[in-house]
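Under my numbering, the first residue of the sequence shown is numbered 48, with each subsequent residue one higher. Below is one structure, written out as structure tokens, with a few remarks after it.
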Amino acid sequence: MEGLMKLEKVQRVITTMKDQNIASGNPEKDRFLAEFFIFMAQPSGTLSMDDKRDLISDHLPRNSLRKLEEACDCVVDEECWKISEVLPSCSHLGCDKEEHPSTGDDLGNQIMVGIEAMQHANSTFEDFCRSYFMFHGMDISNPNTLFKYLPMLFFTESYIYQLDSMNENKLLVSKKNTNINVERSFNHLNGASEKAGNQIEKGCFCKCSPSKPFDSLIFLFRHHGVLTDRIQSELKLGSEYWTLERNLCDSILRKKKVNDLHMEFLSVSELLVEISDDLYDYEEDVIKNSFNVLRMFVKIYGPSLASSMLAKYIAETEDKYSRLSNMIDPNLFSKYQRRCKEATAEGGASVGTWNVPPIIAHEESYRVGIKKSHKN
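What follows is the structure, encoded as structure tokens:
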């Protein structure tokens with residue numbers, strides 16, 4: 048299995064090299080370059096792609112062929128240096144895209160996700176099934192129910208994880224285009240597409256563009272007759288989030304300084320949200336013996352003072368929030384306020400209100416009582 052995965056990765060790079068017009072046309076040379084690109088993409092401490100390229104440019108010209116051969120002899124695993132002996136010829140792998148044209152009829156069958164994305168999606172998919180099947184009258188323990196919907200649900204979750212991985216991997220790619228073709232090849236190697244219409248990891252995503260990342264998924268849903276207005280609306284929100292994440296990644300790649308005021312404001316806002324959530328989940332967190340801000344205040348100040356001390360802390364945090372909000376752009380703050388109100392309404396809570404639940408002084412007794420009531 049490991050050998051097949053290695054073979055697949057090398058072939059993906061060769062395909063990308065051809066797309067970027069940096070392939071030599073010689074199968075053995077192309078396989079060597081593909082293996083070299085894969086090697087260069089591997090993490091190496093704090094070295095950036097620029098550091099690696101400069102290192103090779105500086106040192107390789109000063110080393111004779113004999114020295115290189117001596118260095119290779121020191122390597123225990125010679126297979127790493129003899130990729131051509133492991134790989135079959137390019138003709139057996141279907142390198143040329145022209146030999147495998149995509150049509151509208153077979154496009155749905157070519158939309159695929161990688162094993163890594165499926166592995167990452169596995170736990171989320173399990174939680175999804177266990178949490179939501181019951182709302183549709185389905186039994187998670189029934190194999191017939193599970194496997195009936197498994198392909199579409201698991202594929203969708205894996206597809207989204209693969210999109211997310213594309214954004215995260217983009218941070219590993221240098222933005223300096225000293226050699227634009229090589230840089231682009233690494234972009235594709237890591238799964239980050241910059242141009243609409245390009246295929247990412249041949250056959251993995253068909254025409255997945257940065258502006259429309261869910262087009263392939265929408266096509267698939269429509270093809271199988273499960274596309275609804277609600278699904279399209281949810282995917283639109285996901286696309287907006289995906290675009291925002293890409294913009295943030297681009298800012299980091301440009302080494303654009305983060306706005307400290309915005310970060311401080313958002314951290315205070317997030318703290319208030321977390322406190323509000325903990326107050327709402329207080330009884331449940333006591334039952335589960337989970338971390339909760341109010342539980343910690345009870346532990347520190349005791350049952351009699353916990354509520355008043357937390358109220359004081361909330362007031363101080365709100366004052367800080369108010370002070371920072373006056374320092375940021377009014378239009379930006381107005382947009383953020385609207386989003387906060389939308390999020391609060393979606394959660395069913397009242398805007399601008401704090402409800403501190405009654406303190407549970409004896410948590411163990413409370414948990415025992417809850418268990419007994421459930422048994423009855």
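We put the beta carbon where it would ideally sit given N, CA and C, even for glycine.
query	result
Could you tell me which of L197, V340, I162 sits nearest to L318, measuring between CA atoms?	V340
Just reading off the alpha helix (DSSP H) that A353 is part of, what are its end residues?	353-372
If you draw a straight line from the C-alpha of F266 to the C-alpha of L274, how long is it?	9 Å
Output needed for P108: all residues of its chain with C-beta closer than 7 Å, excluding positions within five of it in sequence on either side, in chain order.	none
Looking at the structure shown, is P405 part of a helix, part of a strand, or coil, going by DSSP?	coil
How is V320 classed by DSSP in three states: helix, strand or coil?	helix
Given 8 Å as the limit, is there contact between the segment 279-296 and the segment 305-315, that is, 3 or more CB pairs closer than that?	no
Put D77 into one of helix, strand or coil per three-state DSSP.	helix
How about K367 and V315: do their beta carbons lie closer than 9 Å?	yes
Quick check: what's the CA-CA separation for K56 versus E292?	26 Å
Using the three-state DSSP reduction, which class does K304 fall into: helix, strand or coil?	coil
For F83, which option in Y348, D186, A70 has the closest C-alpha, if you only look at C-alpha atoms?	A70
Can A88 and I61 be called in contact, C-beta distance under 9 Å?	no
Skipping 5 residues on each side, what residues in its chain have a beta carbon closer than 7 Å to that of F261?	L282, G285, S286
At the level of alpha carbons, what is the spacing between A353 and W401?	15 Å
For a quick check, are the C-beta atoms of Y329 and I417 less than 9 Å apart?	no
Here's the rule: buried if 16 or more other CB atoms are within 10 angstroms of the residue's CB, otherwise exposed. What is E126?	Note on E126: pLDDT 34, under 50, position unreliable in the model; no value is reported.
Which of helix, strand or coil does DSSP assign to P108?	helix
Can you name the start and end residues of the alpha helix (DSSP H) that T171 belongs to?	162-179
Look at the alpha carbon of E22 and the alpha carbon of V320, and state the distance between them as a whole number of angstroms.	This structure cannot speak to residue 22, because the chain is shown only from 48 to 423.
My guess is that F344 and L357 are in contact by the Cβ rule of under 8 Å, so how many angstroms apart are they, rounded?	5 Å
Whose CA, out of R177, S372, G161, A392, lies closest to the CA of S205?	G161
What residue from P350, E163, M199 has the CA that sits closest to P405's CA?	P350
Using the Cα positions of D77 and P190, report the straight-line distance between them to the nearest angstrom.	46 Å
Quick one: using the 10 Å Cβ neighbour count with 16 as the cut-off for buried, is F202 buried or exposed?	buried
Which residues bound the alpha helix (DSSP H) around S263?	262-270
Grab me the residues of M64's own chain with a C-beta within less than 7 Å of its C-beta, minus the 5 sequence neighbours each way, in chain order.	A70, D77, L80, A81, S232
Could you spell out where the alpha helix (DSSP H) holding K259 opens and where it closes?	Taken as a continuous stretch (DSSP letters only), K259 belongs to no alpha helix (DSSP H), as it is neither H nor E.
Can you look up S240 in the DSSP assignment and give me helix, strand or coil?	Residue confidence for S240 is low, a pLDDT of 36 falling below 50, so the modelled location carries little weight and cannot support an answer.
Pick from E75, P198, Y413, R177: whose alpha carbon is nearest that of H271?	P198
Let's see if you can read the secondary structure: which residues bound the alpha helix (DSSP H) around S420?	410-422
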